[in-house]
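Take 0 as the starting number for the sequence shown in numbering that gives the first Met the number 0 and just add one per residue. A virtual CB, placed ideally from N, CA and C, is assigned to each residue, including glycine. Structure first, then comments.
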Amino acid sequence: MDSPLINKARIMFVDDEISILQALRRVMRNIQAECLFASSAQEALEIFEESPVDVVISDMKMPEMDGAELLAIIADRYPETVRIILSGYSDNDSVMSAINDGRIWGYINKPWDAAQLVQTIEHAINTQQVVAERALLRRSLSQYQSIMKEEFEGFVGSSVAMQFIYNSLERAAPSSASVFITGESGTGKEVAAQAIHSISKRSSMPFIAINCAAIPGELMESEIFGHLKGAFSGAINHRDGAASLADGGTLFLDELSEMDIGLQAKLLRFIQTGEFQKVGSNRVEKVDIRFVCATNRDPLVAIADNKLREDLYYRLNVISINLPSLIDRDSDAILLAQHFLQSFTEKEDKILVGFSQEAERFIEGYRWPGNVRQLENAIYSAVVMSEGPLVAEQDIKIALGFSGGDNSNASTVGLQQVNSNSSSEINRSTNSGSMLDESLASSLNQSSLTGSSLNDVASASAAVGEISACVTPLHEVERITIENAVKSCEGNVVKAASLLEVSPSTLYRKIQSWKD
Numbered sequence: 000m001d002s003p004l005i006n007k008a009r010i011m012f013v014d015d016e017i018s019i020l021q022a023l024r025r026v027m028r029n030i031q032a033e034c035l036f037a038s039s040a041q042e043a044l045e046i047f048e049e050s051p052v053d054v055v056i057s058d059m060k061m062p063e064m065d066g067a068e069l070l071a072i073i074a075d076r077y078p079e080t081v082r083i084i085l086s087g088y089s090d091n092d093s094v095m096s097a098i099n100d101g102r103i104w105g106y107i108n109k110p111w112d113a114a115q116l117v118q119t120i121e122h123a124i125n126t127q128q129v130v131a132e133r134a135l136l137r138r139s140l141s142q143y144q145s146i147m148k149e150e151f152e153g154f155v156g157s158s159v160a161m162q163f164i165y166n167s168l169e170r171a172a173p174s175s176a177s178v179f180i181t182g183e184s185g186t187g188k189e190v191a192a193q194a195i196h197s198i199s200k201r202s203s204m205p206f207i208a209i210n211c212a213a214i215p216g217e218l219m220e221s222e223i224f225g226h227l228k229g230a231f232s233g234a235i236n237h238r239d240g241a242a243s244l245a246d247g248g249t250l251f252l253d254e255l256s257e258m259d260i261g262l263q264a265k266l267l268r269f270i271q272t273g274e275f276q277k278v279g280s281n282r283v284e285k286v287d288i289r290f291v292c293a294t295n296r297d298p299l300v301a302i303a304d305n306k307l308r309e310d311l312y313y314r315l316n317v318i319s320i321n322l323p324s325l326i327d328r329d330s331d332a333i334l335l336a337q338h339f340l341q342s343f344t345e346k347e348d349k350i351l352v353g354f355s356q357e358a359e360r361f362i363e364g365y366r367w368p369g370n371v372r373q374l375e376n377a378i379y380s381a382v383v384m385s386e387g388p389l390v391a392e393q394d395i396k397i398a399l400g401f402s403g404g405d406n407s408n409a410s411t412v413g414l415q416q417v418n419s420n421s422s423s424e425i426n427r428s429t430n431s432g433s434m435l436d437e438s439l440a441s442s443l444n445q446s447s448l449t450g451s452s453l454n455d456v457a458s459a460s461a462a463v464g465e466i467s468a469c470v471t472p473l474h475e476v477e478r479i480t481i482e483n484a485v486k487s488c489e490g491n492v493v494k495a496a497s498l499l500e501v502s503p504s505t506l507y508r509k510i511q512s513w514k515d
């Protein structure tokens, strides 16, 4: 009759007849489970307030509060506890009522067979373990999803790829180290640079952005360092450059590989010393600037093509952030489209309530080679041209330049390809998955996340999306959370279980499984 499963459980028997409790005590005396005996419903509830139990077995007919009422209260307050009625043969009608009111798992007849009683309890414990672990998973997923951001410092998107970016930006921002941002055109490199500045210690100081591809080479030195009056033809006034304007703040150099290779040497010295001279001046000025740079080229290819100085790249590439293409961002396209729709309908004073189903499918399936910028422009155009009240698929196709039924550019990609691309994009970041693992684990612990109790990591991954490539597995989060709870309770598992809102036996089983 001795069962290892029962031995780890916490079981309560409730009966107003002392002789019945004594008989139950004799049946359970060879079982190492923690058995509790209450002679009234009120006493049982007081025990529950100290710490919940795995299984409660209550007599049906008791004074003041009967078994059905007691189990109904327990069902509401402690839904993970398995509830069983102890009943005489003549109580069948009452048992059916208790099944409805107390939501009981089963019942045991009086008089009982000792072996059958233990077997029933063992089955109940097994059921309770499944119920408790499912509840843990639901709570962990709910709290996990609560920290998954849909928006972050100008970005919109809840995909795994963007959660990694958000965490990378948050970790990079407090530092003074230079940041090198890569990514295709239209992925939001300047938004990322602005985010770094906005959440940094320099946020109250200037953020100065220069697009190196948009300024003629002969004017770039003056744009960065400034010039004196008469320094060159057209210099009719003294002018401060970005170096002076960004003092104390952040200087963002976009499309750095488009800067003249000769000027890159001067830029390197400026970054290393913080010192510069205005064009036409002999006076050395010194500033305190945090540098953030970006390019849509592969930096190593740009170096090989003599478009980017290797020493400048490695000086700036202290922290590397690679922004994913829109096609690698799961369902972010529709979130972005809805965001742009709301923004542009307000701006254009139009009444548009959403997208048609066909339009949504198109948005989610289109490759968006121009990334977020292309999507933004397409939605803006569709808002202006749409007759409403829903933006139609054709409105978006016209905005993209499709003629008639031409869908040749509207190809979709398979899930396998998307996931493969997403992983490769994410893994190109210098800090890789470990950065997100530590950051998320910290965030999850701070929010008292209980974690998943499922050993099947694949099931948990399926529940929250393809996250295993860069996110701490839920079973690891669970272990960290439980260990922290036990530690904070100075080793008292019962207190830790109360803190995590689970029964102590659930924690005992978990802790034991890690030792086995």
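Buried or exposed (CB count within 10 angstroms, at least 16 for buried), residue i
i, result
"PRO110", "exposed"
"LEU448", "Annotation note: pLDDT 30 at LEU448 (below 50); position unreliable, no value reported."
"ASP329", "buried"
"PRO503", "buried"
"ARG289", "buried"
"SER158", "buried"
"TYR312", "buried"
"ILE10", "buried"
"TRP104", "buried"
"ILE481", "buried"
"PRO215", "exposed"
"MET384", "exposed"
"MET434", "Its pLDDT being 35, under 50, MET434 is placed unreliably by the model, and the measurement read from it follows with that caveat. Label assigned to MET434: buried."
"ASP239", "exposed"
"GLY248", "buried"
"VAL283", "exposed"
"GLY225", "buried"
"SER18", "exposed"
"PRO62", "exposed"
"SER512", "exposed"
"VAL13", "buried"
"GLN128", "buried"
"ASP394", "buried"
"SER203", "exposed"
"GLN416", "Low confidence applies here, because GLN416 scores a pLDDT of 34, under 50, leaving its location unreliable; read the following figure in that light. Classification of GLN416: exposed, given that the 10 Å Cβ count is below 16."
Assumed close pair residue i, residue j - CB separation to whole angstroms, cut-off 8 angstroms
i, j, result
"GLU357", "ALA332", "Incorrect: roughly 15 angstroms between the Cβ atoms, too far for contact."
"VAL382", "PHE343", "4 angstroms"
"ILE326", "TRP367", "6 angstroms"
"ALA131", "THR505", "5 angstroms"
"VAL286", "GLY273", "6 angstroms"
"SER270", "LEU315", "Note that residue 270 corresponds to Ile in the displayed sequence, not to Ser. Right, the Cβ-Cβ distance comes to about 7 angstroms (below 8 angstroms), so this counts as a contact."
"ILE320", "ILE198", "Incorrect: roughly 14 angstroms between the Cβ atoms, too far for contact."
"ILE73", "PHE36", "The pair is not a contact, with the Cβ atoms about 16 angstroms apart (cut-off 8 angstroms)."
"ASP253", "ALA293", "5 angstroms"
"PHE354", "ALA377", "In fact, because the Cβ distance is near 12 angstroms, the residues do not count as touching under 8 angstroms."
"ALA176", "VAL317", "4 angstroms"
"LEU23", "SER38", "12 angstroms between Cβ atoms; not a contact."
"LEU340", "LEU351", "6 angstroms"
Segment limits, alpha helix (DSSP H) that includes residue i
i, result
"LEU185", "Checking the sequence, you will find Gly at residue 185 rather than Leu. Run containing GLY185: none; DSSP gives neither H nor E here."
"MET204", "Run containing MET204: none; DSSP gives neither H nor E here."
"ASN321", "Unbroken run through ASN321 is the beta strand (DSSP E), 318 to 321; no alpha helix (DSSP H)."
"ILE333", "331 to 347"
"ILE378", "370 to 384"
"ARG314", "309 to 315"
"VAL300", "298 to 303"
"MET520", "The displayed coordinates of the chain run from 0 to 515. Any statement about residue 520 would go beyond what the structure contains."
"ILE326", "Unbroken run through ILE326: none, as it is neither H nor E."
"ASN166", "159 to 171"
"ASP112", "Premise fails: ASP112 is in no alpha helix (DSSP H) and is neither H nor E."
"GLY364", "356 to 364"
"GLU392", "392 to 398"
Segment limits, beta strand (DSSP E) that includes residue i
i, result
"VAL291", "289 to 294"
"GLU33", "33 to 37"
"TYR106", "105 to 109"
Review point. How about the region 226 to 235 and the region 174 to 191: do they share at least three Cβ pairs that are nearer than 8 angstroms?
Key: When C-beta atoms of the region 226 to 235 are compared with those of the region 174 to 191, fewer than three pairs fall below 8 angstroms, so the two segments do not count as touching.
Review point. Between the region 77 to 88 and the region 51 to 61, do at least 3 Cβ pairs fall closer than 8 angstroms?
Key: Contact holds: three or more Cβ-Cβ distances are below 8 angstroms.
Exercise for review: Spell out a yes or no on whether the region 112 to 121 and the region 479 to 495 are touching, meaning 3 or more CB-CB pairs, one atom from each, closer than 8 angstroms.
Suggested key: Inter-segment contact for the region 112 to 121 and the region 479 to 495 is absent: fewer than three beta-carbon pairs are separated by less than 8 angstroms.
Check your understanding: Quick one: any contact between the region 157 to 172 and the region 207 to 219, if contact means 3 or more CB pairs under 8 angstroms?
Key -> With the rule of 3 Cβ pairs closer than 8 angstroms, the region 157 to 172 does not count as touching the region 207 to 219.
**Study point:** Runs of beta strand (DSSP E) wholly within the region 9 to 71 (minimum 3 residues, chain order)
**Key:** If we require 3 residues or more, the beta strand (DSSP E) runs fully inside the region 9 to 71 come out as 9 to 13, 33 to 37, 54 to 58.
Practice item. Ignoring anything shorter than 3 residues or poking outside the region 228 to 289, list the beta strand (DSSP E) runs there in chain order. Key: Counting only runs of 3 or more, we get 249 to 253.
Practice item. Indicate whether the contact test is met: 3 or more Cβ pairs, each with one atom in the region 300 to 308 and one in the region 160 to 168, closer than 8 angstroms. Key: No contact exists between the region 300 to 308 and the region 160 to 168.
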